[in-house]
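Asks: My structure is below; once you've seen it, I'll send some questions.
In my numbering, the protein residues as written are 519 to 668.
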């Protein structure tokens, strides 16, 4: 019975070890994808600032702060935090910040299409992955950690 179990467990273990090598690439891909989504949104807001202010005043209902401040903070977050995420520098901070931007975006819309909500959920899950596991081996965080631990 032991040899049958070993025959089943050994290939699984080998495949599992090979898949572990893909983890840094998966984290990098997640970071790049989410960063691009938010950065592109920030660039769109910058291209037509008057429309951005109008949307924050009339369409979005960001709670607790004036619409102008919400527009500035949201745009700054969408432009700065993705850069941190791509570089993997203070990546957990960047991912947490984008999580806040993501949640505020969903809460601020009185009506959100199911497909848009689904996208926000996916982005939130990818950001949560970075918050929980860090940026991975392909990041400045990892490089700094390695250099500082010597």
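Quick reminder that beta carbons are idealized off the backbone N, C-alpha and C, glycines included.
#1: DSSP state of residue 578, grouped into three classes?
#2: Helix, strand or coil for residue 607 per DSSP?
#3: Below 8 Å on the Cβ atoms is my guess for residue 599 versus residue 612; work out the distance and round it to an integer in Å.
#4: Give the DSSP bridge partners of residue 627, in chain order.
#5: Report yes if the C-beta distance between residue 609 and residue 569 is below 7 Å; otherwise report no.
#6: Considering residue 551, what are the terminal residues of the alpha helix (DSSP H) in which it resides?
#7: Alpha carbons only, please: which of 534, 552, 647, 542 is nearest the one belonging to residue 637?
#8: For a test of the three-state rule: what should DSSP assign to residue 508, helix, strand or coil?
#9: For residue 557, which residues in the same chain have their Cβ closer than 7 Å to its Cβ, ignoring the five residues on either side in sequence?
#10: If you run the structure through DSSP and keep just helix, strand and coil, what is residue 661?
#11: Check this for me: beta carbons of residue 620 and residue 641, under 7 Å apart or not?
#12: Hey, residue 616 and residue 645 are a contact pair by Cβ (cut 8 Å); roughly how many whole angstroms apart?
#13: Would you call residue 631 buried or exposed, if buried means 16 or more other Cβ atoms sit within 10 Å of its Cβ?
#14: Using the Cβ count rule (16 or more neighbours within 10 Å means buried), how would you classify residue 602?
Replies: Put simply:
#1: The sequence position of residue 578 within the chain shown is 60, counting from 1. In the displayed model, residue 578 falls within a strand according to three-state DSSP.
#2: Translated into the one-based positions of the chain shown, residue 607 becomes position 89. It is coil, neither helix nor strand.
#3: Position 81 of the chain shown holds residue 599. Position 94 of the chain shown holds residue 612. Going by Cβ atoms, the distance from residue 599 to residue 612 rounds to 5 Å, so yes, they are a contact pair.
#4: In the chain shown, residue 627 corresponds to position 109, counting from 1. Bridge partners of residue 627: 578.
#5: For the purposes of this step, residue 609 is identified with residue 91 of the chain shown, where counting begins at 1. For the purposes of this step, residue 569 is identified with residue 51 of the chain shown, where counting begins at 1. With respect to the 7 Å criterion, residue 609 and residue 569 are not classified as neighbours on the basis of their beta carbons.
#6: By one-based count along the chain shown, residue 551 stands at place 33. Where residue 551 is concerned, the enclosing alpha helix (DSSP H) stretches over 541-565.
#7: If you number the chain shown from 1, residue 637 lands on position 119. Out of 534, 552, 647, 542, 552 has the C-alpha closest to the C-alpha of residue 637.
#8: Here the chain comprises residues numbered 519 to 668, so residue 508 is not present and cannot be evaluated.
#9: Taking the chain shown and counting its residues from 1, one reaches residue 557 at position 39. Around residue 557: 596, 597, 600.
#10: Reading the chain shown from its first residue, position 143 is the one you call residue 661. Residue 661: helix per DSSP, three-state reduction.
#11: Taking the chain shown and counting its residues from 1, the one referred to as residue 620 is at position 102. Taking the chain shown and counting its residues from 1, the one referred to as residue 641 is at position 123. By the CB criterion at 7 Å, residue 620 and residue 641 fall inside the cutoff.
#12: On the chain shown, position 98 is the one that residue 616 refers to. On the chain shown, position 127 is the one that residue 645 refers to. Contact flag correct, Cβ pair sits at about 6 Å.
#13: As a position in the chain shown, residue 631 is number 113, starting the count at 1. Its Cβ having fewer than 16 others within 10 Å, residue 631 is exposed.
#14: Within the chain shown, residue 602 is the residue found at index 84, counting from 1. Around the C-beta of residue 602, 16 or more other C-beta atoms lie within 10 Å, and the residue is accordingly described as buried.
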